[in-house]
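Reviewing the structure listed below.
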Amino acid sequence: MAVQISHHGNDASLPPLLALALAAGILSYIGLITYRLTLHPLAKFPGPRLAAATHWYEAYYELVHRGGAQFAPKVRELHARYGPIVRINPAEISVDDAEFHDKLYAPQPAVRDRHPNFSAALGTTSGSFSSPDHFLHRSRRVAYSPFFATGNVMATEDVVRAKVDQMCRIVGRDDGRVNLRSCFAAISFDSFYTWAFGHSLDLLDDLPKAQRCSDTVELLVTSAPFYRIFPTVMGAARKVPQSILRRLSHHIARVFDLHALILRAAERFVADQQCGDDQKSTEKGNAQPETLFSVIRRSKSAPDSEKTASRISQEGTEMFMASFTPGRTMMLAMYYLHANPHVLERLRAELDEVNPDPAGELTYKMLNSLPYLRAVMKEIYRVTFPVGSRLPMICHEVMEFQDWKIPPKTSISVNHRNLLFNPEVFPDPMAFRPERWLDESRPIDEKRYFVAFGKGGRGCPGQVFATQVIQLTVCSLIQRFEFELSDTSFEKDVVASRESILIAPAFESKGIKLNVVGERRK
Numbered sequence: 083m084a085v086q087i088s089h090h091g092n093d094a095s096l097p098p099l100l101a102l103a104l105a106a107g108i109l110s111y112i113g114l115i116t117y118r119l120t121l122h123p124l125a126k127f128p129g130p131r132l133a134a135a136t137h138w139y140e141a142y143y144e145l146v147h148r149g150g151a152q153f154a155p156k157v158r159e160l161h162a163r164y165g166p167i168v169r170i171n172p173a174e175i176s177v178d179d180a181e182f183h184d185k186l187y188a189p190q191p192a193v194r195d196r197h198p199n200f201s202a203a204l205g206t207t208s209g210s211f212s213s214p215d216h217f218l219h220r221s222r223r224v225a226y227s228p229f230f231a232t233g234n235v236m237a238t239e240d241v242v243r244a245k246v247d248q249m250c251r252i253v254g255r256d257d258g259r260v261n262l263r264s265c266f267a268a269i270s271f272d273s274f275y276t277w278a279f280g281h282s283l284d285l286l287d288d289l290p291k292a293q294r295c296s297d298t299v300e301l302l303v304t305s306a307p308f309y310r311i312f313p314t315v316m317g318a319a320r321k322v323p324q325s326i327l328r329r330l331s332h333h334i335a336r337v338f339d340l341h342a343l344i345l346r347a348a349e350r351f352v353a354d355q356q357c358g359d360d361q362k363s364t365e366k367g368n369a370q371p372e373t374l375f376s377v378i379r380r381s382k383s384a385p386d387s388e389k390t391a392s393r394i395s396q397e398g399t400e401m402f403m404a405s406f407t408p409g410r411t412m413m414l415a416m417y418y419l420h421a422n423p424h425v426l427e428r429l430r431a432e433l434d435e436v437n438p439d440p441a442g443e444l445t446y447k448m449l450n451s452l453p454y455l456r457a458v459m460k461e462i463y464r465v466t467f468p469v470g471s472r473l474p475m476i477c478h479e480v481m482e483f484q485d486w487k488i489p490p491k492t493s494i495s496v497n498h499r500n501l502l503f504n505p506e507v508f509p510d511p512m513a514f515r516p517e518r519w520l521d522e523s524r525p526i527d528e529k530r531y532f533v534a535f536g537k538g539g540r541g542c543p544g545q546v547f548a549t550q551v552i553q554l555t556v557c558s559l560i561q562r563f564e565f566e567l568s569d570t571s572f573e574k575d576v577v578a579s580r581e582s583i584l585i586a587p588a589f590e591s592k593g594i595k596l597n598v599v600g601e602r603r604k
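Mind the numbering: the sequence shown is residues 83 to 604 in the working numbering, read in order.
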């Protein structure tokens with residue numbers, strides 16, 4: 083009996099211990115919320131109390147509300163209610179002001195770290211995008227910057243034109259049944275891969291593969307809020323064997339397949355270099371573009387630890403994923419041109435003046451000299467705004483806005499879309515109107531408001547390459563062929579309904595559809 087009594091006594095002691103632990107956890111969380119609302123350095127900043135109290139406020143809009151990726155629109159609502167400065171989560175301030183945008187995304191010598199969770203969104207760990215620290219990011223960017231030099235980009239033109247010609251043959255041959263979205267993905271990915279890594283993926287010969295690649299990257303970037311809010315998921319998945327990971331998450335497994343593709347290219351390059359078969363593009367007088375790997379490997383500023391195959395593959399993976407954007411932009415450009423026939427006809431007239439033969443060869447230099455085309459490109463970049471989500475920076479100094487002093491080490495953001503759709507700068511901002519960039523009576527301060535590619539040390543370095551690919555592809559198509567929009571809704575298939583790293587249409591969208599009517603006859 084004594085043993086039984088002792089046994090029951092031990093059982094009876096377990097619930098109080100669990101209750102005590104639970105109570106301690108609840109009290110601790112209540113204490114944290116109380117601190118955030120009353121004693122935190124950001125406690126006096128305007129904004130909803132729930133957002134100041136918990137990160138779950140942001141998580142709800144990013145993961146649940148209307149399918150997720152809705153926090154950016156919510157922040158715009160908060161600015162409309164609380165004013166130009168708002169506390170949008172316990173540790174972050176959002177400012178809606180163009181002048182402050184210049185200060186926040188200022189170039190050197192301003193020191194700006196990126197929030198670690200935002201840096202982990204692509205599943206990489208040692209590329210420049212995934213480098214939160216300002217100085218580490220800067221050193222990595224300096225190492226690869228010659229790759230994006232204008233001369234090196236221009237040396238890729240023959241490669242891009244060859245792929246454009248191949249695509250035009252496909253469009254002309256397939257009698258209206260071609261999938262332009264897959265073609266644009268193929269050109270975008272393959273042009274960058276050939277330039278950056280010295281080999282072609284031949285995606286125009288395998289359009290389903292190009293589409294799978296595009297779908298993988300698109301799903302990753304639109305799922306970025308989940309990986310940002312739960313940053314350990316990608317790290318944990320990386321440790322799971324591929325055979326098991328494919329059963330748990332086919333999507334994450336496909337992302338790591340892309341990582342492996344670039345890693346193999348890096349390992350091949352390093353092995354060839356160690357065998358003495360260095361890149362011919364580095365030889366004096368050779369007109370071939372220099373690859374990303376060769377640029378980083380010959381950098382004098384980067385230590386050897388930054389030049390390993392695994393490290394440079396991370397840089398390559400981030401940039402390869404970014405090359406998804408031109409393909410998406412080309413599809414939207416074709417929509418806006420064909421939804422606005424007067425713009426299309428004026429652009430065609432300008433192209434016909436410099437290239438009377440529709441099948442003639444367009445060059446980037448030729449296209450870059452056309453004022454209306456430049457206006458069209460700026461308007462396309464504005465309405466499609468490639469950078470979708472906020473990109474918060476952590477400043478090392480006190481940041482002042484109006485009468486507010488934002489403490490050092492605070493995460494601060496300004497959403498790029500707010501500048502690109504500012505009605506005071508861009509009247510009727512939702513309208514596609516290239517002429518606004520040519521209106522001398524109402525000049526646009528492009529340095530301040532044209533932020534489609536970001537700004538400062540963290541801005542996109544690939545603007546020249548992206549513009550080259552988009553212009554050569556779209557201009558070749560509209561000069562050679564007639565298209566018509568089919569079964570496409572502006573609200574469902576074009577308008578940005580989700581704002582993650584990149585924007586995306588509504589979940590129910592089946593994509594923009596264009597039929598090829600036939601060859602163009604002037």
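Yeah, the Cβ is synthetic: ideal placement off N, Cα and C, and Gly gets one too.
Counting C-beta pairs closer than 8 Å gives three or more between the stretch 148 to 166 and the stretch 468 to 479, which meets the contact rule. In this structure R251 is exposed. Its beta-carbon is surrounded by fewer than 16 other beta-carbon atoms within 10 angstroms. Under the DSSP assignment, V598 falls in the beta strand (DSSP E) whose first and last residues are 596 to 601. Around the beta-carbon of Q550, 16 or more other beta-carbon atoms lie within 10 Å, marking it buried. A415 and I462 do touch by the CB rule: their CB atoms are close to 5 Å apart, below 8 Å. For E581, DSSP records a beta bridge to I585. In the DSSP annotation of this structure, M475 is not part of any alpha helix (DSSP H); the continuous beta strand (DSSP E) holding it starts and ends at 475 to 477. Secondary structure at K487: strand, using DSSP grouped into helix, strand and coil. Within the stretch 204 to 282, the runs of alpha helix (DSSP H) at least 4 residues long that lie entirely inside it are, in chain order, 216 to 226, 232 to 236, 239 to 255, 262 to 279. Between E372 and F532, the C-beta spacing is not below 8 Å. V598 and V253 do touch by the CB rule: their CB atoms are close to 6 Å apart, below 8 Å. The Cβ-Cβ distance between S270 and L289 does not fall below 8 Å. In the DSSP secondary-structure assignment, N171 is bridged to E174. For F563, the secondary structure class from DSSP, reduced to helix, strand or coil, is strand. Going by DSSP, D297 is part of no beta strand (DSSP E) but of the alpha helix (DSSP H) stretching over 289 to 304. In this structure E397 touches L374 by the C-beta definition: roughly 7 Å separates them, less than 8 Å.
For I526, the secondary structure class from DSSP, reduced to helix, strand or coil, is coil. The C-beta separation of F563 from R602 comes to about 6 Å, placing the pair in contact by the 8 Å criterion. The secondary-structure analysis by DSSP pairs S495 across a beta bridge with S176.
With respect to the 8 Å criterion, L433 and Q553 are not classified as neighbours on the basis of their beta carbons. No residue range can be given for R515, since it is assigned to no alpha helix (DSSP H) and is classified by DSSP as neither H nor E.
In the three-state reduction of the DSSP assignment, E506 falls in the coil class, being assigned neither a helical nor a strand state. The count of Cβ pairs closer than 8 Å, one atom from the stretch 310 to 325 and one from the stretch 441 to 457, stays below three, leaving the stretches out of contact. Assignment of D195 by DSSP, reduced to helix, strand and coil, places it in the strand class. Annotation for E435: the continuous alpha helix (DSSP H) segment containing it runs 423 to 436.
Under the 8 Å Cβ criterion, the stretch 533 to 540 does not count as touching the stretch 375 to 387, having fewer than three qualifying pairs. Annotated three-state conformation of E482 is strand, per DSSP. M512 and I378 have their C-alpha atoms some 41 Å from each other. For A404 and S213, the gap between their C-alpha atoms comes out near 16 Å.
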